[in-house]
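Single-structure report; data block below.
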Ligand code: ZN
Ligand code: ZN
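Residue numbers (the working numbering): 2 to 649.
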């Protein structure tokens with residue numbers, strides 16, 4: 002065992018040289034400090050300290066106090082810390098979150114070497130201070146110290162796209178452009194900044210690719226919605242760890258492909274890769290998007306055995322159950338959850354709100370406040386949604402104004418949207434319009450859509466026209482805007498208006514988003530578009546549809562053909578209306594479930610007036626509960642009426 006001792010005098014130039022010429026591994030050195038024997042030979046003989054012993058102690062420190070004691074002991078002995086000890090102290094200070102100590106130690110170090118510079122840069126990026134890290138990097142260069150691979154990877158972490166581009170030329174200048182570790186750092190920085198093109202160029206130019214660089218590129222594609230590219234790369238990867246699976250599954254979940262996300266999850270289980278919390282969160286989100294209760298419930302029992310249900314997972318479960326229409330399950334998870342935070346409360350309150358159980362939402366809100374949790378802006382969206390679904394105008398106003406006055410939360414567009422919904426429902430459309438016109442923030446298409454829809458429900462033709470004209474002249478009209486405006490005209494019998502809107506839609510190339518309804522029977526999801534003939538049981542479905550129409554007619558139903566946008570004759574309109582996707586889903590539900598079973602349908606758009614009327618009647622005729630989730634809320638149809646009170 003060589004003597005690894007160090008003299009008490011400031012480290013000799015020989016020692017420094019020896020240290021800085023060591024080739025450092027990719028990670029800062031661990032406790033192996035055997036290369037300091039050169040320093041020992043220049044000792045004055047007064048104090049000898051075993052460097053590796055002290056280094057070991059520093060590494061083993063469990064608290065900032067222990068670290069300070071060691072540092073104090075070094076100083077008490079009049080020691081200028083050896084570069085290794087200095088490095089270790091600095092690194093430990095930052096790992097305890099004491100950037101201030103790390104900086105002051107660094108400031109008192111004469112001629113810091115590249116490792117110390119890198120450590121201080123690293124410490125700053127770790128704390129999210131990437132600008133400050135860049136300043137240190139520039140200072141380092143000004144002292145003619147050359148960066149190493151770890152310097153680059155540290156300074157690239159968390160840097161902006163602009164800095165990333167500047168650092169890229171530095172990487173080339175210092176000849177690290179073929180270093181896999183550094184280029185992966187660059188790739189990651191480009192990906193973060195959204196420059197997928199540059200990330201791909203770097204990736205393609207890499208002579209060899211590590212799992213890290215492959216994962217970085219995969220993440221880049223998935224995060225920025227280039228799902229097909231992501232999947233291609235994913236398929237090419239020979240080695241896939243849980244991180245890769247998660248990136249791909251989450252990419253699907255976040256970009257509107259919940260079904261693909263569930264399919265891939267099944268493959269993941271088949272490949273014997275153990276899911277972790279991140280997988281579970283993505284999958285619960287996918288189930289929620291699909292309104293698919295069974296896979297969600299299966300996942301719940303799966304994770305109960307394997308993954309600890311913490312607040313994050315619990316909240317995702319609540320959210321999933323609410324979106325899948327099962328409030329009881331959501332409440333059960335909520336009640337069993339320990340250490341509930343405001344996010345968990347928000348999810349539960351929102352669940353009650355979107356299902357129209359406003360009283361319960363208000364009760365929970367009061368309880369939450371009484372136990373000392375402060376509501377957030379999301380809480381207010383939930384509670385205002387509850388007001389909207391129950392038509393509580395003055396309560397809505399007072400909550401809306403309390404946001405700013407009592408809780409110092411500035412209302413956002415979503416809060417205004419809720420207020421417009423509340424006022425619209427009550428028929429106070431001018432007031433709603435004034436509110437929107439006087440907002441300090443720009444209203445978005447969703448908000449305008451809410452206002453227009455309210456005009457439609459109250460047959461407010463002139464205000465509807467005024468709003469629509471404003472939208473079209475300001476280039477704010479969406480396909481939804483056109484459809485609602487056309488419905489407003491049609492309801493008022495203004496066929497010229499309908500024709501005008503239709504040609505406007507053609508001119509501006511706006512297409513109506515196709516309506517799509519989903520129903521789950523026996524753990525299988527069945528999807529229907531309007532007039533769909535793709536289902537293997539199409540024949541039976543359409544026979545059932547005819548049967549339904551007979552029942553409806555006997556119960557005094559007349560089709561509300563004014564919701565049809567196309568320029569068709571009355572009979573054709575009735576036909577096109579009769580095959581709306583939710584009606585097909587309903588017919589399929591009736592032929593494939595036992596009498597009395599609740600029928601659950603998920604619709605991607607707002608349910609139209611005619612389908613809403615049909616569902617109400619069907620719930621009475623068939624004595625079944627029908628739960629429908631549309632883009633805005635849940636409708637619980639029962640015995641001829643709907644929980645939304647005909648305002649949605
Ligand atoms: Zn419809
Ligand atoms: Zn309804």
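All C-beta atoms in this analysis are idealised placements derived from N, C-alpha and C, irrespective of residue type, glycine included.
Measuring only from the beta carbon, is residue i closer than 7 Å to any heavy atom that is part of ligand 2?
i           : result
residue 613 : yes
residue 454 : no
residue 636 : yes
residue 643 : yes
residue 449 : no
residue 649 : yes
Pop quiz: residue i and residue j are said to be a contact at Cβ under 8 Å. What is the actual Cβ separation, rounded to whole angstroms?
i           : j           : result
residue 585 : residue 523 : Not really, about 18 Å apart at Cβ, beyond 8 Å.
residue 175 : residue 148 : 6 Å
residue 315 : residue 338 : 4 Å
residue 550 : residue 579 : 7 Å
residue 294 : residue 521 : 7 Å
residue 605 : residue 634 : Contact doesn't hold; Cβ gap of about 14 Å is too wide.
residue 213 : residue 185 : 6 Å
residue 187 : residue 142 : The Cβ separation is near 18 Å, so there is no contact.
residue 389 : residue 423 : 5 Å
residue 516 : residue 613 : Residue 516 to residue 613, Cβ: 13 Å. No contact.
residue 126 : residue 159 : 5 Å
residue 430 : residue 464 : 5 Å
residue 219 : residue 234 : 5 Å
Give a yes or no on whether the C-beta atoms belonging to residue i and residue j are separated by under 8 Å.
i           : j           : result
residue 454 : residue 472 : no
residue 511 : residue 489 : no
residue 238 : residue 215 : yes
residue 111 : residue 89  : no
residue 629 : residue 616 : yes
residue 354 : residue 319 : no
residue 317 : residue 285 : yes
residue 116 : residue 153 : no
residue 712 : residue 323 : In this structure the chain extends from 2 to 649, so residue 712 is not present and cannot be described.
residue 668 : residue 475 : Past the boundaries of the shown model lies residue 668; the chain is included only from 2 to 649, so the question cannot be answered.
residue 356 : residue 328 : yes
residue 94  : residue 118 : no
residue 504 : residue 603 : no
residue 560 : residue 575 : yes
residue 104 : residue 85  : no
residue 221 : residue 194 : no
residue 283 : residue 262 : yes
residue 514 : residue 480 : yes
residue 649 : residue 637 : no
residue 372 : residue 385 : no
residue 91  : residue 106 : yes
residue 180 : residue 150 : yes
residue 170 : residue 123 : no
residue 600 : residue 627 : yes
residue 469 : residue 486 : yes
residue 52  : residue 83  : yes
residue 267 : residue 249 : no
residue 297 : residue 321 : yes
residue 55  : residue 291 : no
By DSSP's criteria, residue i is part of a beta bridge. Which residues make up the other side?
i           : result
residue 1   : Outside the shown range of the chain (2 to 649) lies residue 1, about which nothing can therefore be said.
residue 529 : 518
residue 603 : 519, 630
residue 642 : 639
May I ask whether a heavy atom of ligand 1 can be found less than 7 Å away from the beta carbon of residue i?
i           : result
residue 475 : no
residue 581 : yes
residue 609 : yes
Does the CB of residue i have a neighbour CB from chain B at under 8 Å?
i           : result
residue 206 : Looking for chain B here will not work: only one protein chain is present.
Q: Evaluate contact between the region 258-275 and the region 208-227, counting only Cβ atoms and requiring at least three cross-stretch pairs below 8 Å.
A: Output reads no: the region 208-227 does not touch the region 258-275.
Q: Could you say if the region 542-549 and the region 485-502 meet the contact criterion of at least three C-beta pairs nearer than 8 Å?
A: The region 542-549 vs the region 485-502: no contact.
Q | contact_flag[the region 274-285, the region 309-319] where n(CB pairs < 8 Å) is 3 or more | A | Yes, the region 274-285 touches the region 309-319.
Q) Counting Cβ pairs closer than 8 Å, one from the region 367-382 and one from the region 403-422, do we hit at least three? A) These segments touch.
Q: Specify whether the region 596-611 and the region 409-429 touch according to this definition: at least 3 beta carbon pairs, one from each stretch, less than 8 Å apart.
A: Flag = no, the region 596-611 and the region 409-429 do not touch.
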